[in-house]
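The structure under discussion appears below in the form of structure tokens.
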Amino acid sequence: MKERFLKKLKIISLFSLGLFFLSFPQSVSVSQFFGGLTIATGFPLFFLDEESRKTWKRVQNPFLTFFGIYILLFLSSLFHAENYSSFLKKFLKQSEFGDFWMLLLFPASFLIASQKKNQTILRRFLFASASIVILLGCISLFSEVRIGKFVANGFKYAPGDRLQHFSGNIGPIKLYLPIGMMNTHLTFGGLLGLFLPGLFVDWFQSTKKRKISFSF
23 MKERFLKKLK IISLFSLGLF FLSFPQSVSV SQFFGGLTIA TGFPLFFLDE ESRKTWKRVQ
83 NPFLTFFGIY ILLFLSSLFH AENYSSFLKK FLKQSEFGDF WMLLLFPASF LIASQKKNQT
143 ILRRFLFASA SIVILLGCIS LFSEVRIGKF VANGFKYAPG DRLQHFSGNI GPIKLYLPIG
203 MMNTHLTFGG LLGLFLPGLF VDWFQSTKKR KISFSF
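What follows is the structure in structure tokens.
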């Protein structure tokens, strides 16, 4: 009974993490749902599964370090605040505190990705997500309207929405700065910065393996 329950938790956590990777370049809300599901199904394994407890020992120091840094920054900001009441209201409502829980995704995703049998599946999700990001970036080159806002408004342009930044012309074709589904070009650039180095390393390693196999 326990083994079957643990097996289901492992499967759900694996695919919820994969769907998190797939969805976060397109929708923050959807990706947060899958991120929460990954945490909810991954963290119980640290307490119920013996192999997962060993993994926790490997990841707990980096996790607690990041957690400690966040707490120290919060206490430092609180100490220098002139008014504690206004600071706490602003901190809880207008800062990134609402995303603090996503720090828990770090040990849960490490647990899932550290298992070799899961790595091929996660790599496919990452490759699909990167392909979507690049495809949407290419489409946004030709769109005056920001795609993310356009979709969020029910495939309509809402008056007052910011238009794309004009980049230049290729003959009669107008080009705009690529933005994908993001609200800013910096965010889109950050996504490319997350994906492209990993894809390059993966391509380089697979090419190296093929060369070694051919040499034999």
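Taking our numbering as reference, the numbering of the sequence shown is continuous, increasing by one, and the terminal residue is 238. Ideal Cβ placement from N, Cα and C applies to all residues, glycine included. These numbers come from a predicted model, not from an experiment.
Is the CB-CB distance between Ala-152 and Leu-144 below 8 Å? no
Output yes or no for whether 8 Å exceeds the beta carbon distance between Phe-202 and Ser-162. Note on residue identity: the sequence assigns Gly, not Phe, to residue 202. Result yes, Cβ atoms of Gly-202 and Ser-162 sit closer than 8 Å.
Taking the continuous beta strand (DSSP E) assigned at Ser-189, which residues delimit it? 188-192
Tell me whether the beta-carbon of Gly-57 lies closer than 8 Å to the beta-carbon of Phe-42. yes
Tyr-179 - DSSP class collapsed to helix/strand/coil: coil
Given a cut-off of 8 Å on the beta-carbon distance, is the pair His-187 and Tyr-179 in contact? no
What residue range does the alpha helix (DSSP H) around Leu-157 cover? 138-162
Nearest to Asn-191 by CA position, among Thr-77, Met-124, Phe-164 and Gly-211, is which residue? Phe-164
Are the beta-carbon atoms belonging to Leu-67 and Leu-110 less than 8 Å from one another? no
Is the distance from the Cβ of Tyr-92 to the Cβ of Leu-100 below 8 Å? no
Can you name, in chain order, every residue of its own chain whose Cβ lies under 7 Å from the Cβ of Asn-140, other than the five neighbours on each side? Leu-36 and Ile-134
Quick check on the burial criterion: 16 or more other C-beta atoms within 10 angstroms. Buried or exposed for Pro-129? buried
Contact defined as beta carbons within less than 8 Å: I believe Phe-217 pairs with Val-155. What is the distance between those atoms, to the nearest angstrom? 6 Å
Exposure of Ile-61, with buried meaning 16 or more beta-carbon neighbours within 10 Å: buried
Rounded to the nearest angstrom, what separates His-102 and Phe-88 at their Cα positions? 21 Å
Give the range of the beta strand (DSSP E) segment to which Leu-197 is assigned. 195-198
Looking at Asn-205: is its Cβ nearer than 8 Å to the Cβ of Gly-170? yes
Compute the Euclidean distance between the alpha carbons of Asp-245 and Gln-54, then round it to the nearest angstrom. No information on residue 245 is available, as it lies outside the stretch 23 to 238 that the chain covers here.
Are there 16 or more other CB atoms within 10 angstroms of the CB of Pro-47, so buried, or fewer, so exposed? buried
In the DSSP output, which residue or residues are listed as bridge partners for Leu-185? Val-167
Could you tell me which uninterrupted alpha helix (DSSP H) segments, each at least 4 residues in length, are contained entirely in the segment 43-72, listed from first to last along the chain? 50-70
Taking Ala-103 as part of the alpha helix (DSSP H), name the residues at either end of that continuous run. Where Ala-103 is concerned, there is no enclosing alpha helix (DSSP H), given that its DSSP letter is neither H nor E.
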